[in-house]
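Enquirer: Residue numbers (the numbering used here), protein chains in the order written: chain A, 741 to 1378; chain B, 859 to 1239. Glycine residues also receive a C-beta, built at the ideal position from the N, C-alpha and C atoms. My questions will all concern the structure given below.
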């Protein structure tokens, strides 16, 4: 028999079953207890934590970037504003076949490698699901139209509008306004926590020029918006809103008209013009040519455009006015003259004979005058008018480098002017100590001789020369060049000469420079006001060895730089101008007319009559409006 | 004593709302039916909210309930001895169908679960096995003396293991485990010795890591990883469970109110109308709501246990106990996974989750329970 015959004991089986059933009931109750316990854990003990998590899901606190302050010139002309920029974004979760979508988009609008790369990079960084990823900015009207027409077959695309910085005058103010571009991790890392909080919604950061120096003023204060979103990031309603405080508008002391005149007067030549109102230090024009288009930088300059700028021999990204260091040449002579007078090493009556060169005792070396046959017998006035080198060799040697250094420092040479821009070059006003430290060599007499005509080690920026000229024009009153509003730079003590009449007399000598027989007579023809000026030419010592030029170019680049400093009207100055034209050869004839056009733009009214403008007042005649484009940041096109 | 009076005196029948006579004639069990209907009504209420106030979803669920109740009613009419008679046949057919699914099944979401029948749509043979496996194992033990000997245990393990493995191959781990569990419950109820149970537990505990490394599919392994540490990938695989726990936890004691659960309403909670519907209920009705739900389940399970205790032969007893325990395991596994106690396996919350065949299968099992209860011979013991 396969199976042993066992009778089924029903009662036994029932008993076993009943015991197991009791165990089953017990298990059910135990497991239910576990579930209840779990629920109590989640819903009572951890309730607050999960409520927070749930609210974090649902409620998004969005930082609302404040609209950046507008920048105007002194007359309210808008130099920088904010305009909507339309960009194409992709919601990956909606897109389906992403590669296919990118191909189709590439057929509709221009997408270069850079766009694709940036998109890939942004796509891979952490983001919330359904958060759109930007693909391309600066969509044209036509591209928007093409995208909208084809939208039905382009799932997942979105066109959004954000305000971006715009510089209506483009290249004209490039070196003074600077530009903003996308804020980056380094910018944020350099900030305090409070600042980082304030920049939570901000996309742009002042990168150079005024935009950088006045970043805090222009930026404003961040606002917040609490919104309820669904898991797809769609905003369902706004729960709470705290409006941002818009950046303060910045009214520059620049005059659009003077800036334009300086820019046009330089023409296609490389150079710089800085004009300062000596009455209050207002910078009226600040030009460095060639310039660049700041609008290209705002949303990220393309590699092509950037390398074009970088490879340009004219170096358009270089701010010549602020950072270009040039030998001031003869433009420094009036200041030396004042120093010599003040130190008592010369006076207005003293004369020397100039045979065309200067020689030190016991030294056969001849220091040549620019006029090979000499100026003959010259006094200080004539030495300024005709720019006699020999007179200044002699006087400079008597004055000595230490006194030169001390006096010129007071004219802000060899130290920063304190203008409201970063990265100002302080040039070089040498001294024995300086040479020892910088070159490791002792000072020679020849160094003093070279320095006496603004050559040798002496280097100054066009801004410094304009500033020094403004100090001259205001008879020693310290003038701090100021671009905007209420910039309060360091205090410097005014220059007080032993004989304050010497300011007047030196001005008179400088007026002689623009009169018949002067080196800059060309610039004064037909002027309705007296101009005090001093021309200069600075030798170009060498061309950088790693720079490659063809022969014609090389020959041109070895020509002297043309310089001119001037102020007008001579008796009651309202403008001081420094002009530098690289390789322009003759200060008087090349740089002079540039300075004249700048002065005319400031001093003459529309009818061409002399009408000296009032000094800058902090309350503008027409207040600039700050309403444009304030609320366009969240606009979406369907 | 008339039959009617006798029934009226039966435990559990006191205060029944339906006329006992009518209920018995229709072979329905009023307490169970009322419990189920209340549960279904509650489920529809939650479903309305979970589906974003979509009446469409509710109507379709009602249709399923209707179909399920019809099946329940029909199965209740069939006497338990027929189930006992047909169990091996249906089990065998089910086994063949499971093999067929693996060979010619329709693929959906990376798993072969469906069998298309020309002109009649498609269905999952696994659903049939949910009822056939416990019935088959119960049938096997009915033929043997209890408590089961080791050979019987091995035979029973084969009976439940083969279909479970076939379903696991589809792959549908959740259903495979539940079907295995339904068979194991029978084994347990039949009096499997405690020593063997202890051995089995030790084997499972030691085998689990081996399973993880050598047997599981990648997606199954991911689920376990996610269960162990959902925060590792909060935006990816961990998203479901984090959002689900957030929904439950933020509900608190009283809940956010019906239709006011932000987690589900704002689409943070995935699968909110199917497997994760408990999270919606917990968010909107809080601990109070969950407790009421668990009470309703306990009432149904309790009634089921009572029915199995009252059952008159071994087959009916074992089958009834297995069906009830399986029902409870559904509840436990679903709530456990939604609340983060268990890894995510695709198990719906019985009669609350929106879902096709599982509703019908569940109601069918209650039809069998009612059949067991209403076909008793009138005899005293």
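1. If I measure Cβ to Cβ from residue 1286 (chain A) and keep anything under 8 angstroms in the same chain, skipping five residues before and after, which residues do I get?
2. Since residue 1179 (chain B) contacts residue 761 (chain A) with CB under 8 angstroms, what's their CB separation in whole angstroms?
3. Give me, in chain order, the residues of the same chain whose beta-carbon lies closer than 6 angstroms to that of residue 860 (chain B); leave out the 5 immediate sequence neighbours on both sides.
4. For residue 790 (chain A), go through chain B and note every residue whose CB falls closer than 9 angstroms to its CB, in chain order.
5. Please list the residues of the stretch 1164-1189 of chain B that have a C-beta atom closer than 7 angstroms to any C-beta atom in chain A, keeping them in chain order.
6. Suppose the cutoff is 8 angstroms on Cβ atoms and the five residues either side in sequence are ignored; what does the same chain contact list for residue 1057 (chain A) look like?
7. Suppose you measure from the CA of residue 877 (chain A) to the CA of residue 829 (chain A); what does that come to, to the nearest Å?
8. Taking 8 angstroms as the CB-CB limit, is residue 1210 (chain B) close to chain A?
9. Can you pull the chain C neighbours of residue 859 (chain A), defined as C-beta to C-beta under 9 angstroms?
10. Name the chain B residues that come within less than 7 angstroms of residue 798 (chain A), Cβ to Cβ?
11. What residues of chain B sit near residue 970 (chain A), judged by a beta carbon separation below 7 angstroms?
12. I need the straight-line Cα distance from residue 995 (chain A) to residue 1328 (chain A), nearest angstrom please.
13. At a Cβ threshold of 8 angstroms, is residue 757 (chain A) touching chain B?
14. Under the assumption that residue 1258 (chain A) contacts residue 1252 (chain A) (Cβ atoms under 8 angstroms), give the Cβ distance between them as a whole number of angstroms.
15. Starting from residue 1150 (chain A), trace the alpha helix (DSSP H) both ways and give me its first and last residue.
16. Give a yes or no on whether the C-beta atoms belonging to residue 1263 (chain A) and residue 1254 (chain A) are separated by under 8 angstroms.
17. For residue 971 (chain B), tell me which candidate among B:899, B:1018, B:1026, B:1184 has the shortest Cα-Cα distance.
18. May I have the straight-line CA-CA distance separating residue 999 (chain A) from residue 1044 (chain A), to the nearest angstrom?
19. Mapping the DSSP letters down to three states, classify residue 1010 (chain A) as helix, strand or coil.
20. Among A:794, A:961, A:971, A:974, whose alpha-carbon lies nearest the alpha-carbon of residue 985 (chain A)?
21. Would residue 910 (chain B) count as contacting chain A if we go by Cβ distances under 8 angstroms?
22. Counting only beta-carbon atoms, is residue 1159 (chain B) nearer than 8 angstroms to chain A?
23. Taking beta-carbon pairs under 8 angstroms, can you tell me which members of the stretch 992-1005 of chain B lie near chain A?
24. On the DSSP bridge assignment, give the partners of residue 921 (chain A) in chain order.
25. Evaluate residue 1171 (chain B) with the Cβ neighbour count: other Cβ atoms within 10 Å of its Cβ, from every protein chain shown; 16 or more gives buried, anything less gives exposed.
26. Please classify residue 750 (chain A) as buried or exposed, where buried requires at least 16 neighbouring CB atoms within 10 angstroms.
27. Under three-state DSSP, which class holds residue 873 (chain A)?
28. For residue 1155 (chain A), I'd like the list of residues in its chain whose CB is within less than 7 angstroms of its CB, leaving aside the five on either flank, ordered along the chain.
29. Would you mind stating whether residue 1316 (chain A) and residue 1016 (chain A) have Cβ atoms separated by less than 8 angstroms?
30. Does any residue of chain B bring its CB to less than 8 angstroms from the CB of residue 877 (chain A)?
31. Rounded to whole angstroms, what's the CA-CA distance from residue 907 (chain A) to residue 826 (chain A)? Just pull it up for me.
32. Whole angstroms is fine: what's the gap from residue 735 (chain A)'s alpha carbon to residue 1169 (chain B)'s?
33. Let me know the beta strand (DSSP E) ranges lying completely inside the stretch 959-1026 of chain B, each 3 residues or longer, listed in chain order.
34. Assuming the contact rule is C-beta atoms closer than 8 angstroms, residue 1321 (chain A) and residue 1301 (chain A) should be a hit. Round their C-beta distance to whole Å, please.
35. Is residue 925 (chain A) buried or exposed, if buried means 16 or more other CB atoms sit within 10 Å of its CB?
36. Do you know offhand how far residue 1193 (chain B)'s Cα is from residue 775 (chain A)'s?
Expert: According to the structure shown:
1. Low local confidence applies: a pLDDT of 49 at residue 1286 (chain A) is under 50, so the model's placement there is unreliable, with the coordinate-based value given in what follows. Within the same chain, residue 1286 (chain A) has no close Cβ partners at all.
2. 6 angstroms
3. For residue 860 (chain B), the predicted structure reports a pLDDT of 47, less than 50, and the residue's modelled location is therefore unreliable. A value from the coordinates is still provided. There are no such residues.
4. 1103, 1104, 1105, 1106, 1107, 1108, 1109, 1110
5. 1166, 1167, 1172, 1175, 1179, 1183, 1186
6. 1032, 1049, 1050
7. 9 angstroms
8. no
9. Considering every chain present, this structure includes no chain C. Its protein chains are A and B.
10. 1120, 1124
11. 1124, 1125
12. 25 angstroms
13. yes
14. 5 angstroms
15. 1141-1150
16. yes
17. B:1026
18. 29 angstroms
19. coil
20. A:961
21. no
22. yes
23. 1003, 1004, 1005
24. A:945
25. buried
26. exposed
27. strand
28. 1149, 1166
29. yes
30. no
31. 17 angstroms
32. Here chain A covers residues 741 to 1378 and nothing more, so residue 735 (chain A) does not appear.
33. 964-966, 969-974
34. 7 angstroms
35. exposed
36. 7 angstroms
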